[in-house]
Amino acid sequence: MADVVLRAEGLDRHFGGVHAVREVSLEVRASEIHAVIGPNGAGKSTLINLLSGDLLPDAGTVRLGESDLSRASPNMRARAGIGRSYQKTTIFPRFSVFENVRLAAQAHAASPLAMVRGANADVAVSRHAADALLRAGLAERAKVMASSLSHGEQRQLEIAMVLATGARVVLLDEPLAGMSPSESRGMIDLILSLRPHCAVLLVEHDMDAVFELADRLTVMTDGRILATGEPQDVRKDPAVRSAYLGEDAAP
Amino acid sequence: MTRWIVAVVVVAAAVALPSIAPLYYVQFASKILIMGIAALALNLVVGHGGLVSLCHGALFGLAGYVLALTSPRYEAASLLLSLPLAVIASMIAALVFGVLALRTRGIYFIMVTLAFGEMLFFLFHDTKIAGGSDGAFIYFKPEIALAGRQLFDLDKPMTFYFTVLACAAVTIAFVAMLVRSPFGRALAAARDNEKRALSLGFPVFRVRLTAFVLSGALAGLAGYFSAAQFGFVAPQTLGWHVSATVLVMVLIGGQRSVVGPLLGAAVLLGLEEVLKASTEYWKLAEGFIVILLVILLPHGLWPMLARRAGDTHG
Chain A
1114 MADVVLRAEG LDRHFGGVHA VREVSLEVRA SEIHAVIGPN GAGKSTLINL LSGDLLPDAG
1174 TVRLGESDLS RASPNMRARA GIGRSYQKTT IFPRFSVFEN VRLAAQAHAA SPLAMVRGAN
1234 ADVAVSRHAA DALLRAGLAE RAKVMASSLS HGEQRQLEIA MVLATGARVV LLDEPLAGMS
1294 PSESRGMIDL ILSLRPHCAV LLVEHDMDAV FELADRLTVM TDGRILATGE PQDVRKDPAV
1354 RSAYLGEDAA P
Chain B
400 MTRWIVAVVV VAAAVALPSI APLYYVQFAS KILIMGIAAL ALNLVVGHGG LVSLCHGALF
460 GLAGYVLALT SPRYEAASLL LSLPLAVIAS MIAALVFGVL ALRTRGIYFI MVTLAFGEML
520 FFLFHDTKIA GGSDGAFIYF KPEIALAGRQ LFDLDKPMTF YFTVLACAAV TIAFVAMLVR
580 SPFGRALAAA RDNEKRALSL GFPVFRVRLT AFVLSGALAG LAGYFSAAQF GFVAPQTLGW
640 HVSATVLVMV LIGGQRSVVG PLLGAAVLLG LEEVLKASTE YWKLAEGFIV ILLVILLPHG
700 LWPMLARRAG DTHG
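Listed in order, the protein sequences are those of chains A and B. Following the working numbering, the numbering of the first sequence begins with 1114 at its first residue and continues without gaps. Following the working numbering, the numbering of the second sequence begins with 400 at its first residue and continues without gaps.
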């Protein structure tokens, strides 16, 4: 098992009587895009929240490289190298685009909470932020208020923020939701450009995008993992065909 | 440019005030500066942190009680001893309140801080500490003395005025520094989107607690000088009325600025002074004016003045 970056084992989570995620184990390898698909309510977003620390599991472990982060808070996991985006755009709407990205870089600086110098005085942080904006294609929008960006640009900004944190693993929860075809195209290219730098775990409903992006695919239904593997193999899996694609498994 | 001219004029006027104005107004200016420090302190958590606290009156009053309790009956307390003690007491109270209250959000945070403030009120109201519900006098203002020789005496109105003026200047500089620092940006980020701040890796609880404790220290600084000025502490000096009054100062002045709350203190106290002299129903009139100000200038006076001066920073 070469270079597994993020490994989840036996993750389990209930919400009252709903068993949202059952004994889910999966791994994300370095420089791969790993897509998780499944019908609504399959537990995909819960899985992302369990990996990012927004939710704590009832059972199971999450490891980043060698370190066990199973009980770590979201901010500790972020500092350790897990970045994420949310299904609903989650940015700082009243700050400038640059300030959004600068804050992301600041959170991962050597002294993120210094009190005696100006926030813009850290040249390394500002350079990181500028780089991330450039890579996300938002360099020209740096001075604009984040709330006045278009929906597609706000999603790009989220990616830029994750880039600025220098995360080793990026969890993307439906990055293409609500995007126009041309915006989707740009986002797909942006996600592809992440691959050399970090591992990506992607939850997405747009199947064309998933098959274009994914190196490996995991299919979930009812909180369980149905199949994991290379996209073409998963596609042929009889259990997946019957449960998810709605086809009869027995020909 | 206009901004710097205004700043220089204001500082010059503040320094020259004791040599041109009658004593009464010098004392009144001291009161404005003291309440201004309290408003600057509260605004660190309210405006910059997005946390509306109603226990700051208690943190303010507690420091005054510490001065009363450390003052010998027939001589002055030592400034160098009682002031740090008072500030530390307010910081410890802020730490305890903050650790518990900062686990709640929004309206619950407001209610929990109100409850903590009232607990301190009833601690001094219902026990015999410092005169119970009657309060206690501080007959002599604090001094600095060396080997029996008095070097510095807050009993002199000029000394008192320049001391609180210096404290206000240091407070403004301190808050301005914090707000512009990485710490201040993290605090503002948590105010605007807590979830995102956490998922970027900011320890939001620790950032907020630190801001709360620093704010408590400044509130204590103000409360100490307020008790020294009036020579009296009572449970009312740490009740929720104090918190509410200071909050109104913050709202009038402008929460998103650094010095706005000081302006708010000057406007509210000045308004009271003018209305008291002209009508018996001054509280009613004051209430109407405050409501009008808040409706017409929801962001406070400072942003409007700053815009006039061609600059929105402050």
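Virtual Cβ for every residue (Gly too), placed ideally from N, Cα, C. Keep in mind it's a predicted model, so treat the numbers as computed, not measured.
Selection from the options that minimises the alpha carbon distance to residue i
{"i": "residue 444 of chain B", "options": "B/555, B/653, B/703, B/614", "result": "B/614"}
{"i": "residue 1122 of chain A", "options": "A/1130, A/1132, A/1137, A/1144", "result": "A/1137"}
{"i": "residue 547 of chain B", "options": "B/476, B/624, B/610", "result": "B/476"}
{"i": "residue 1262 of chain A", "options": "A/1236, A/1276, A/1232, A/1213", "result": "A/1213"}
{"i": "residue 1142 of chain A", "options": "A/1315, A/1125, A/1348, A/1345", "result": "A/1315"}
{"i": "residue 536 of chain B", "options": "B/600, B/620, B/468", "result": "B/468"}
{"i": "residue 671 of chain B", "options": "B/654, B/648, B/517", "result": "B/648"}
{"i": "residue 1310 of chain A", "options": "A/1341, A/1145, A/1116", "result": "A/1145"}
{"i": "residue 542 of chain B", "options": "B/641, B/466, B/440", "result": "B/466"}
{"i": "residue 608 of chain B", "options": "B/582, B/600, B/595", "result": "B/582"}
{"i": "residue 506 of chain B", "options": "B/545, B/677, B/403, B/453", "result": "B/453"}
{"i": "residue 636 of chain B", "options": "B/420, B/415, B/519", "result": "B/519"}
Contacting residues, own chain, Cβ-Cβ under 6 Å from residue i (five flanking each side not counted)
{"i": "residue 590 of chain B", "result": "448, 449"}
{"i": "residue 1219 of chain A", "result": "1225, 1238"}
{"i": "residue 713 of chain B", "result": "Any reading at residue 713 of chain B is ruled out, since the residue's pLDDT is 43, under 50, leaving its predicted position unreliable."}
{"i": "residue 624 of chain B", "result": "433, 563"}
{"i": "residue 1350 of chain A", "result": "1340"}
Straight-line gap, residue i to residue j (C-alpha atoms, nearest Å)
{"i": "residue 363 of chain B", "j": "residue 1338 of chain A", "result": "Residue 363 of chain B lies beyond the residue range present for chain B, which begins at 400 and ends at 713; the question has no answer from this structure."}
{"i": "residue 1279 of chain A", "j": "residue 660 of chain B", "result": "39 Å"}
{"i": "residue 1248 of chain A", "j": "residue 1273 of chain A", "result": "7 Å"}
{"i": "residue 568 of chain B", "j": "residue 411 of chain B", "result": "13 Å"}
{"i": "residue 446 of chain B", "j": "residue 593 of chain B", "result": "15 Å"}
{"i": "residue 1202 of chain A", "j": "residue 633 of chain B", "result": "51 Å"}
{"i": "residue 1139 of chain A", "j": "residue 1120 of chain A", "result": "6 Å"}
{"i": "residue 524 of chain B", "j": "residue 685 of chain B", "result": "29 Å"}
{"i": "residue 1353 of chain A", "j": "residue 1332 of chain A", "result": "7 Å"}
{"i": "residue 639 of chain B", "j": "residue 629 of chain B", "result": "19 Å"}
{"i": "residue 620 of chain B", "j": "residue 480 of chain B", "result": "13 Å"}
{"i": "residue 566 of chain B", "j": "residue 504 of chain B", "result": "32 Å"}
{"i": "residue 1344 of chain A", "j": "residue 1323 of chain A", "result": "9 Å"}
{"i": "residue 473 of chain B", "j": "residue 489 of chain B", "result": "26 Å"}
{"i": "residue 1291 of chain A", "j": "residue 1267 of chain A", "result": "12 Å"}
{"i": "residue 1363 of chain A", "j": "residue 1285 of chain A", "result": "For residue 1363 of chain A, the pLDDT reaches just 44, beneath the cut-off of 50, and the residue's location in the model is therefore unreliable, leaving the point undetermined."}
{"i": "residue 1269 of chain A", "j": "residue 1189 of chain A", "result": "24 Å"}
{"i": "residue 1171 of chain A", "j": "residue 1124 of chain A", "result": "7 Å"}
{"i": "residue 1258 of chain A", "j": "residue 470 of chain B", "result": "54 Å"}
{"i": "residue 1180 of chain A", "j": "residue 1118 of chain A", "result": "10 Å"}
{"i": "residue 514 of chain B", "j": "residue 1215 of chain A", "result": "38 Å"}
{"i": "residue 610 of chain B", "j": "residue 440 of chain B", "result": "10 Å"}
{"i": "residue 403 of chain B", "j": "residue 413 of chain B", "result": "15 Å"}
CB contact check: residue i to chain B, cutoff 8 Å
{"i": "residue 1219 of chain A", "result": "yes"}
{"i": "residue 1204 of chain A", "result": "yes"}
{"i": "residue 1230 of chain A", "result": "yes"}
{"i": "residue 1288 of chain A", "result": "no"}
{"i": "residue 1162 of chain A", "result": "no"}
{"i": "residue 1225 of chain A", "result": "yes"}
{"i": "residue 1184 of chain A", "result": "no"}
{"i": "residue 1292 of chain A", "result": "no"}
CB contact check: residue i to chain A, cutoff 8 Å
{"i": "residue 439 of chain B", "result": "no"}
{"i": "residue 450 of chain B", "result": "no"}
{"i": "residue 505 of chain B", "result": "no"}
{"i": "residue 500 of chain B", "result": "no"}
{"i": "residue 364 of chain B", "result": "This structure does not reach residue 364 of chain B, given that chain B is present from 400 up to 713, and the question cannot be answered."}
{"i": "residue 592 of chain B", "result": "yes"}
{"i": "residue 662 of chain B", "result": "no"}
{"i": "residue 634 of chain B", "result": "no"}
{"i": "residue 411 of chain B", "result": "no"}
{"i": "residue 677 of chain B", "result": "no"}
{"i": "residue 444 of chain B", "result": "no"}
7 Å Cβ shell around residue i - same chain, five flanking residues per side excluded
{"i": "residue 556 of chain B", "result": "422, 425, 426"}
{"i": "residue 1194 of chain A", "result": "1177, 1280, 1281, 1282"}
{"i": "residue 431 of chain B", "result": "664, 665, 668"}
{"i": "residue 1159 of chain A", "result": "1126, 1133, 1134, 1168"}
{"i": "residue 574 of chain B", "result": "439, 443, 657"}
Chain-order list of residues whose beta-carbon lies under 8 Å from that of residue i (same chain, five-residue window excluded)
{"i": "residue 509 of chain B", "result": "451, 452, 453"}
{"i": "residue 526 of chain B", "result": "none"}
Short-range partners of chain A found in the region 693 to 705 of chain B, where Cβ spacing is below 7 Å: None of the residues of the region 693 to 705 of chain B has a beta carbon lying less than 7 Å from any beta carbon of chain A.
Residues of the region 1236 to 1259 of chain A with Cβ closer than 7 Å to any Cβ of chain B, in chain order: none
Chain-ordered residues of the region 553 to 584 of chain B with a beta carbon less than 8 Å from chain A: 576, 577, 579, 580, 581, 582, 583, 584
Residues of the region 1126 to 1156 of chain A whose Cβ lies closer than 8 Å to any Cβ of chain B, in chain order: none
The region 1184 to 1201 of chain A: positions lying closer than 7 Å to chain B by Cβ: 1187, 1188, 1191, 1192, 1197
Residues of the region 456 to 490 of chain B whose Cβ lies closer than 9 Å to any Cβ of chain A, in chain order: none
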